[in-house]
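J.:
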Amino acid sequence: MALAQATDRIPSDVGAAPREGAFTRWVSANAPILLLGLVLLLLPSVASDFILNQIVGWTLILGMIALSLMFLAGFGGMVSLAQMTTAGVAGYMITVLGASSIPTISLFWPWWVAAPLAIIIAIAFGTLAGALSARTEGIYTIMITLAIAVAFFNLTLQNWSIFNGFNGFTSVPAPTAFGINWKAPIPFYYLVLVCAAASYAAVVYISRAPFGLALQGVRDNPRRMAAIGYNVIAHRIAAYTFAALIAAVGGILMVWLNNQISPGTVGIEATIDLLVIAVVGGLGHPIGAFVGAFIYVILRTFALDALVAVGLDGRRFQTIIGLGFLVIVLFSPDGVIGLWRRWFARARRSGARSDR
Amino acid sequence: MAMATDNVAADSGMLHHVRRGDALARWIGRHPVWSVIIAAAVLLLLWLVFAPWPAGFEEVFGRKRLFINALINGITLGGLYFLVASGFTLIFGLMRNVNLAHGSLYLFGGYMGYEAGEWTGSWLFSYVVAFVCCAAIGVAMQVLIFRRMEGQDLRQTLVTLGLALVFSDLMVWVWGGNAFQITTPDWLAGPVRTPIVVALRSSGEAVFLQYPRVRLVIFLAAVVIGIAMWLALNRTRIGMIIRAGVDDRDMLSVLGYRVQLVFVTVFAFGAGLAGMAGIVGGTFQSISLGEDSHFLLASLQVVIVGGMGSIPGAALGALIIGLAEQFGLVYFPSYATVLTFLIMVVVLALRPQGLLGRR
Numbered sequence: 034m035a036l037a038q039a040t041d042r043i044p045s046d047v048g049a050a051p052r053e054g055a056f057t058r059w060v061s062a063n064a065p066i067l068l069l070g071l072v073l074l075l076l077p078s079v080a081s082d083f084i085l086n087q088i089v090g091w092t093l094i095l096g097m098i099a100l101s102l103m104f105l106a107g108f109g110g111m112v113s114l115a116q117m118t119t120a121g122v123a124g125y126m127i128t129v130l131g132a133s134s135i136p137t138i139s140l141f142w143p144w145w146v147a148a149p150l151a152i153i154i155a156i157a158f159g160t161l162a163g164a165l166s167a168r169t170e171g172i173y174t175i176m177i178t179l180a181i182a183v184a185f186f187n188l189t190l191q192n193w194s195i196f197n198g199f200n201g202f203t204s205v206p207a208p209t210a211f212g213i214n215w216k217a218p219i220p221f222y223y224l225v226l227v228c229a230a231a232s233y234a235a236v237v238y239i240s241r242a243p244f245g246l247a248l249q250g251v252r253d254n255p256r257r258m259a260a261i262g263y264n265v266i267a268h269r270i271a272a273y274t275f276a277a278l279i280a281a282v283g284g285i286l287m288v289w290l291n292n293q294i295s296p297g298t299v300g301i302e303a304t305i306d307l308l309v310i311a312v313v314g315g316l317g318h319p320i321g322a323f324v325g326a327f328i329y330v331i332l333r334t335f336a337l338d339a340l341v342a343v344g345l346d347g348r349r350f351q352t353i354i355g356l357g358f359l360v361i362v363l364f365s366p367d368g369v370i371g372l373w374r375r376w377f378a379r380a381r382r383s384g385a386r387s388d389r
Numbered sequence: 122m123a124m125a126t127d128n129v130a131a132d133s134g135m136l137h138h139v140r141r142g143d144a145l146a147r148w149i150g151r152h153p154v155w156s157v158i159i160a161a162a163v164l165l166l167l168w169l170v171f172a173p174w175p176a177g178f179e180e181v182f183g184r185k186r187l188f189i190n191a192l193i194n195g196i197t198l199g200g201l202y203f204l205v206a207s208g209f210t211l212i213f214g215l216m217r218n219v220n221l222a223h224g225s226l227y228l229f230g231g232y233m234g235y236e237a238g239e240w241t242g243s244w245l246f247s248y249v250v251a252f253v254c255c256a257a258i259g260v261a262m263q264v265l266i267f268r269r270m271e272g273q274d275l276r277q278t279l280v281t282l283g284l285a286l287v288f289s290d291l292m293v294w295v296w297g298g299n300a301f302q303i304t305t306p307d308w309l310a311g312p313v314r315t316p317i318v319v320a321l322r323s324s325g326e327a328v329f330l331q332y333p334r335v336r337l338v339i340f341l342a343a344v345v346i347g348i349a350m351w352l353a354l355n356r357t358r359i360g361m362i363i364r365a366g367v368d369d370r371d372m373l374s375v376l377g378y379r380v381q382l383v384f385v386t387v388f389a390f391g392a393g394l395a396g397m398a399g400i401v402g403g404t405f406q407s408i409s410l411g412e413d414s415h416f417l418l419a420s421l422q423v424v425i426v427g428g429m430g431s432i433p434g435a436a437l438g439a440l441i442i443g444l445a446e447q448f449g450l451v452y453f454p455s456y457a458t459v460l461t462f463l464i465m466v467v468v469l470a471l472r473p474q475g476l477l478g479r480r
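Order-wise, the sequence lines are chains A and B. If you're matching positions, the first sequence starts at 34 in my numbering and goes up one per residue. If you're matching positions, the second sequence starts at 122 in my numbering and goes up one per residue.
1. Can you give the Cα-Cα distance for residue 459 (chain B) and residue 56 (chain A), rounded to whole angstroms?
2. The ligand FMN heavy atoms versus the CB of residue 243 (chain B): any closer than 6 Å?
3. CA-CA distance, residue 393 (chain B) and residue 253 (chain B)?
4. Which residues, taken in chain order from the stretch 171-186 of chain A, show a beta carbon closer than 8 Å to some beta carbon of chain B?
5. By Cβ distance below 7 Å, which residues in the same chain neighbour residue 228 (chain A) in space, the five residues on each side in sequence not counted?
6. Report the three-state DSSP secondary structure of residue 214 (chain A) (helix, strand or coil).
7. Going by beta carbon distance, what residues of the same chain come within less than 6 Å of residue 301 (chain A), once the five residues before and after it are set aside?
8. Extract the residue ranges of the beta strand (DSSP E) inside the stretch 304-357 of chain A, only unbroken runs of 3 or more that lie entirely within it.
9. Is DSSP giving residue 184 (chain B) helix, strand or coil here?
10. Pop quiz: residue 269 (chain A) and residue 109 (chain A) are said to be a contact at Cβ under 8 Å. What is the actual Cβ separation, rounded to whole angstroms?
11. Is residue 79 (chain B) close to chain A? Criterion is C-beta to C-beta, closer than 7 Å.
12. Look at residue 222 (chain A) and residue 90 (chain A) and say whether their C-beta atoms are less than 7 Å apart.
13. Which residue comes first and which comes last in the alpha helix (DSSP H) that contains residue 273 (chain B)?
14. Could you please give the first and the last residue of the uninterrupted alpha helix (DSSP H) stretch that includes residue 129 (chain A)?
15. CB residue 443 (chain B) to CB residue 478 (chain B), shorter than 7 Å?
16. Alpha carbon to alpha carbon, how far is residue 287 (chain B) from residue 352 (chain A)? Give it in angstroms, no decimals.
17. Classify residue 387 (chain B) as helix, strand or coil using the three-state DSSP reduction.
18. Answer with yes or no whether the minimum CB distance from residue 207 (chain B) to chain A is below 7 Å.
19. Given that residue 365 (chain A) touches chain B, what residues does it touch there, using C-beta distances under 9 Å?
20. Under a three-way DSSP split, which group does residue 327 (chain B) fall into?
21. Does any CB atom of chain B fall closer than 7 Å to the CB of residue 138 (chain A)?
22. Relative to chain A, which residues along the stretch 251-279 of chain B have a C-beta separation below 7 Å, given in chain order?
23. Report buried or exposed for residue 377 (chain B), applying the criterion of at least 16 other Cβ atoms within 10 angstroms of its Cβ.
24. Distance, Cα to Cα, residue 195 (chain B) vs residue 125 (chain A)?
25. Among A:366, A:156 and A:327, which has the Cα closest to the Cα of residue 87 (chain A)?
26. Does DSSP put residue 479 (chain B) in a helix, in a strand, or in coil?
27. Is it right to say residue 34 (chain A) is buried, meaning 16 or more other beta carbons lie within 10 angstroms of its own, or is it exposed?
28. Are the C-beta of residue 351 (chain A) and some C-beta of chain B separated by less than 7 Å?
29. Listed in chain order, which residues of the stretch 284-302 of chain B have Cβ atoms closer than 9 Å to some Cβ of chain A?
30. Beta-carbon separation of residue 226 (chain B) and residue 360 (chain B) under 7 Å?
31. Run the CB neighbour count on residue 151 (chain B), radius 10 Å, all protein chains shown included, and call it buried at 16 or more, exposed below.
32. Within the same chain, show all residues whose beta-carbon is closer than 7 Å to that of residue 374 (chain A), passing over the 5 residues directly before and after it, in chain order.
33. Any beta carbon of chain B sitting closer than 7 Å to that of residue 264 (chain A)?
34. By the DSSP assignment, the alpha helix (DSSP H) with residue 291 (chain A) in it spans what residues?
35. At a cut of 8 Å, does the stretch 398-408 of chain B reach the stretch 184-191 of chain B through at least three beta carbon pairs?
36. Suppose you measure from the CA of residue 273 (chain A) to the CA of residue 248 (chain B); what does that come to, to the nearest Å?
Structure, rendered in structure tokens:
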């Protein structure tokens, strides 16, 4: 697992300010994240609805699904390609159980029944996929989860009684609840922001909790962990369950954002794009998933115009994505986060040298 | 006497020296129940295929023509899957490289074969073209990229994934979204009459099944290639080197063999085989956008079911997956993929290393 590096915490300057309180230290250690959070909180006052939902909202949603992959790959050493599928299961279930344009299939249950049920079904699916692949390691996991993902994609394509085949579902808006219309851009933006922040915080917390540490132990040396008395398989499956929860919430938000779901949502291209996002961002730290998602969304939104502007065929977007992915995998296996970290370390070193 | 040699062979662990017939007899002796079940299943299958069905049967299983067609389609599709998956499993077994660009090689071979066929008009020549083109790409991949990251399984796999993305997009660029059908040469066109009775006319005259000749020929070719591969792996010096490399490539290189050369050869052969399979697929069905992921999935399923890195496993897995797909398509079309998937799940649960795989 050369890709998965331990989450080295940003070393807080304990020596420099020994008298400072724990809270101040925590704030200074997490300054970039807190600053980013503040910016995101205040964004609606300046940004247009397009930027709020189609750029930042989509980034956060894709980031959440990629985060579930990052959690499995970075902390568990299991590169699961079934995370987009898990998100898709939740997305399909919310349309089947809730409202959509197909009254013959959708059950039109209220959101407070449909959403939790969809999440539970997706968690069950994710856990099952995990149980299937947890006994294997490394590349075997990729193969099996890829097979799961493609099998589900083919099922949605062929099955008309539940998944409505090729057409999928349209008109699946976010519901109105607590007197707020969550369809509206700003409430929906905050809904997404809260979910993404909660997932991020949960992953960071779990990575330092006993379960997360044990999981990282399982990643680094499963045999030794088994010898100490940890149940390796159970830890892996539990990791899949937790990742499925995040992916499921992301999947439901994705359907509400796009207003539709179809087999393409869980297609092989989407599955691989998700891996690209996680790897390009960096599997070493949870923020990598969101960084990767941001790069992807920016490319996806503006690459067409940019390609045409420099005289290339705008349809070659996938080649750009693939080449970018190749460059990252070949030259910086820990992704953009790794690049940034190395650059930061070098800058700090040279800064220290010039101070002297 | 045979018993005695058996015991000696078994005791000293020199199982390789026991002749095949003895091995079969010993297997039957060790698993009497399974032998009976397998024999009964084979007999039942033969009866289902060759005997005219009694009246009540057709109500349960549908028309006999449907059943037989699904059976033969499944077997011939299995032949095609074997051609694709054997290269995949060979590359995996030797280099621990899950080549996720294998489906792209298949598709590329199909396109190149189509172009070559249009250009020269020779169906057989297009196989050479497809093999050479895909083998060249395989060599380039191995020499330029994978050699530099040996032993890093996961990174290699991610690289193949990136390559698959780029390849598929470039192929869309060149060939667009249209489906191409590779024309069957005249000497293979048309149906052939098989000795299988599908129905009886009211006059009592038997109706025999007609089946496309080209499919049968290609299936036979797949069987021949499979046997040739097995022989090459198990009876020749090169095969011995490759098998040694599968078991312990470090030791092989210590012994003075040029492991890199073996790697390149195997990669070229596996890739070339995928390219040839592309033409077969283009003649069977058609080649179009998206077939790369279809055949990548098929290869994955075949090696997961059959056992990773094993050629006989690939053959068995291909047969099972091909049959499951065709029968699923005929008997419950809405859930056909679920059937193959269920088979995979059952195999993974009972034998995670695959039916004929080794730990």
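Where a beta carbon is used, it is the ideal one built from N, C-alpha and C, also for glycine.
T.: Walking through what the data contain:
1. 53 Å
2. Of the ligands one can find in the structure shown there are none, so the ligand FMN has no counterpart to examine.
3. 6 Å
4. 171, 172, 173, 175, 176, 177, 179, 180, 181, 183 and 184
5. 97, 282 and 286
6. strand
7. 183
8. none
9. coil
10. 6 Å
11. This structure leaves residue 79 (chain B) out entirely; chain B is present only between 122 and 480.
12. yes
13. Counting along the chain, residue 273 (chain B) falls outside any alpha helix (DSSP H), and DSSP gives it neither H nor E.
14. 116-130
15. no
16. 5 Å
17. helix
18. no
19. Here the premise fails: no neighbours, minimum Cβ distance about 11 Å.
20. strand
21. no
22. 273, 274, 275, 276, 278 and 279
23. exposed
24. 32 Å
25. A:327
26. coil
27. Confidence at residue 34 (chain A) is low in this model, with a pLDDT of 41, below 50, so the placement of that residue is unreliable and no value is reported for it.
28. yes
29. 284, 285, 286, 287, 288, 289, 290, 291, 293 and 294
30. no
31. exposed
32. none
33. no
34. 265-291
35. no
36. 45 Å
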